[in-house]
Amino acid sequence: MTDSPLETVLRRDRWIVGGAIGIIAALAWGYVLWLANDMDMGGMDMTGFRMAGIGIMLPANEPWRATEFAYVFLMWAVMMVGMMAPSAAPMILMYARVGRQARTQGKPFAATGWFAAGYLLAWSGFSLAATFLQWVIERTALLDSRMAIASNLLGAIVLIAAGVYQWTPLKDACLAQCQSPFLFLMRHGGFRDDRRGCLLLGLRHGGYCVGCCWLLMALLFVSGVMNVLWIALLSLLVLLEKLTPAGRWIARAAGIACVAAGAWLLVSLPQ
């Protein structure tokens, strides 16, 4: 029997969904690179100023505006998409595959889209919290023009906290949910073909992912929020934690490195 055009397309779900994730991640990284270049301002001295948006520079002591808050939130949200989309790909691909096997009358792509939307919604919530935290740190004059923590003491505390968290049971529990896409689906009721169910399931998975990585993302404040090399290294670490058999030990090794770096900062503080 000849397959219908729809069945032929559904059999290529892995390529279609994977391609969509790749395009979204590439667009996000393109925006991050462009924004980082824009914030560099040609190497000019930014002392006493801060970037308030795309090409907008304001005095550091001037209060934030609503548009600036929106720009910073957009920066965080797009950056999280670029960083987390590759490590979320196996889960999203698994959801599309289970949806196809469930024969949902042409709905698996729509259902997968809503699942991915729920996942990204969780990281949007994190981005909103990160934006608020950046505002608080900037208001206390502890954030420099590179959007990095200006206090070595606070930077050391963040590094040590992130390192210790890598060894906690909560980190292990969240990481376990992210490492086994099929088991995650089975534990939480399997594939959903309704919009609300897909969205909530994606939100739950995104919540575990946030729980796994939130303190690692806080390290961006130590190196500079738009430090592209640091963004890439953190993205690689998250990918290795989630997608390799030794992910748990990689996470713990990274924790040791963070604690050591934080301790070194503490020791180097002027007496």
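Under the numbering used here, the residues of the sequence shown are numbered 401 to 671, in order.
All C-beta atoms in this analysis are idealised placements derived from N, C-alpha and C, irrespective of residue type, glycine included.
The model shown is predicted, which means the values in this text are computed figures rather than measured ones.
On a CA-only basis, which of the options is nearest residue i? Give me that one, please.
i: L474; options: I656, I557 and T531; result: T531
i: A663; options: I631, L553 and A654; result: L553
i: M547; options: G513, D572, W523 and W476; result: W476
i: Y495; options: V481, A516 and M480; result: A516
i: A562; options: I424, A550 and A660; result: A660
i: I656; options: V628, P670, L636 and L616; result: L616
i: S487; options: M626, G647 and A653; result: G647
i: G555; options: E462, V417, A470 and A618; result: A618
i: I421; options: W464, F469 and A485; result: A485
i: Y471; options: A511, L528, Y519 and G499; result: L528
Which stretch, first to last residue, makes up the alpha helix (DSSP H) that contains residue i?
i: F621; result: L620 to S623
i: G590; result: Counting along the chain, G590 falls outside any alpha helix (DSSP H), and DSSP gives it neither H nor E.
i: A561; result: N552 to Y565
i: I631; result: V628 to L643
i: R546; result: First-last for R546: undefined, no H or E at that position.
i: R465; result: Here R465 belongs to no alpha helix (DSSP H), and DSSP marks it neither H nor E.
i: A660; result: G647 to V667
i: P670; result: That residue, P670, is in no alpha helix (DSSP H); it is neither H nor E in DSSP.
i: A573; result: P569 to Q579
Would the segment 419-427 count as touching the segment 481-500 if we require 3 or more Cβ pairs under 8 Å? yes
Flag this pair as touching only if the segment 594-606 and the segment 560-575 have three or more C-beta atom pairs under 8 Å; answer yes or no. no
Is there contact between the segment 581-592 and the segment 487-494, where contact requires at least three CB pairs shorter than 8 Å? yes
Can you find at least 3 beta carbon pairs, one from the segment 624-633 and one from the segment 585-595, that sit closer than 8 Å? no
Three or more C-beta pairs below 8 Å linking the segment 591-598 and the segment 632-644: no
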